[in-house]
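What follows is a single structure, written as structure tokens, with notes after it.
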Amino acid sequence: MSRIKNQLFIKTIMEWKQSYRHRRPESTALIHTIDTFQGNIKLFVSLQEGASKPKILYPYGSNSDMLPDADMVTHIAKSALSMTHKLSFNVGSIYNVCGLTFGSIIDYLAITRGLNFSYVMHINNRLIQPNASKIQKVGKDVVVTITSMAKEAKSWCDSQAF
């Protein structure tokens with residue numbers, strides 16, 4: 001492995017990942033739904049387990065490019081931070097927070113559907129099994145967070161005459 005040049009390795013992985021991403025049944029069903037209601041969808045949040053610390057991530061994961069409205073995308077993600085009681089989110093692009101990542105649904109939505117207000121929200125360390133009380137508290141914070149983000153996104157879209 002040490003003899004493989006980094007750029008060649010990254011190029012090969014990108015080609016492989018790009019050949020198979022967004023082909024699973026759940027991905028194609030989600031994409032079909034978004035295509036059907038695209039004019040009405042202003043905010044998309046994919047809730048996921050995974051991180052040891054809660055995160056709100058936005059495109060891109062496959063490169064360090066910034067979204068056209070990167071400041072507003074960041075503002076919307078950060079607007080919810082003051083609304084939560086227990087969760088303290090790390091906010092940033094997938095690439096800047098997690099490193100090079102391929103196949104993200106939010107990258108796909110931003111690139112192919114122009115849905116810039118698309119986020120991944122990591123809410124739980126998958127190695128820890130929370131009790132019912134913690135699930136309820138985190139659930140309430142997640143609802144408050146997404147509601148705040150939705151209000152900010154709607155306000156921005158209304159001001160842009162969408």
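Residue numbers (full-length UniProt numbering): 1 to 162.
For every residue, glycine included, the Cβ atom is placed at its ideal position computed from N, Cα and C.
Note that this is a predicted model, so its numbers are computed, not measured.
Three-way DSSP call (helix, strand, coil) for residue i in this model
i, result
"VAL66", "At residue 66 the sequence reads Met, which differs from the Val that was named. Looking at MET66 - three-state DSSP - the assignment turns out to be coil, as it is neither helix nor strand."
"SER148", "helix"
"GLN136", "helix"
"GLN129", "coil"
"LYS55", "strand"
"GLY92", "strand"
"SER46", "strand"
"LYS154", "helix"
"ASN116", "coil"
"ILE111", "helix"
"ILE76", "helix"
"ILE106", "helix"
"ALA31", "Per the sequence shown, residue 31 should be read as Ile rather than Ala. DSSP places ILE31 in helix when its eight states are reduced to three."
"ILE10", "helix"
Residue environment, residue i, which counts as buried when at least 16 other CB atoms sit within 10 Å
i, result
"ASN116", "buried"
"ASN40", "exposed"
"PHE37", "exposed"
"SER155", "exposed"
"SER88", "exposed"
"SER133", "exposed"
"ILE135", "exposed"
"ASN124", "buried"
"PRO130", "exposed"
Beta-carbon separation (whole angstroms), residue i vs residue j, contact threshold 8 Å
i, j, result
"VAL143", "THR84", "With a Cβ gap of about 10 Å, VAL143 and THR84 do not count as contacting."
"LEU81", "VAL73", "Wrong, their Cβ atoms sit about 14 Å apart, outside the cutoff."
"TYR108", "ASN63", "The pair is not a contact, with the Cβ atoms about 14 Å apart (cut-off 8 Å)."
"GLY61", "ARG126", "Wrong, their Cβ atoms sit about 18 Å apart, outside the cutoff."
"GLU26", "ILE76", "With a Cβ gap of about 26 Å, GLU26 and ILE76 do not count as contacting."
"VAL45", "ILE111", "At roughly 18 Å, the Cβ-Cβ gap does not stay under 8 Å, so VAL45 and ILE111 are not in contact."
Own chain residues within Cβ distance below 6 Å of residue i, not counting five before or after
i, result
"GLY92", "none"
"ILE56", "ALA77, PHE89, VAL91, TYR119, MET121"
Same chain, Cβ closer than 8 Å to residue i, neighbours up to 5 away in sequence not counted
i, result
"LEU30", "ILE105"
Chain-order list of residues whose beta-carbon lies under 7 Å from that of residue i (same chain, five-residue window excluded)
i, result
"GLY114", "none"
Any chain D beta carbon closer than 8 Å to residue i
i, result
"SER79", "In summary, chain D is missing from the structure at hand, where a single protein chain is found."
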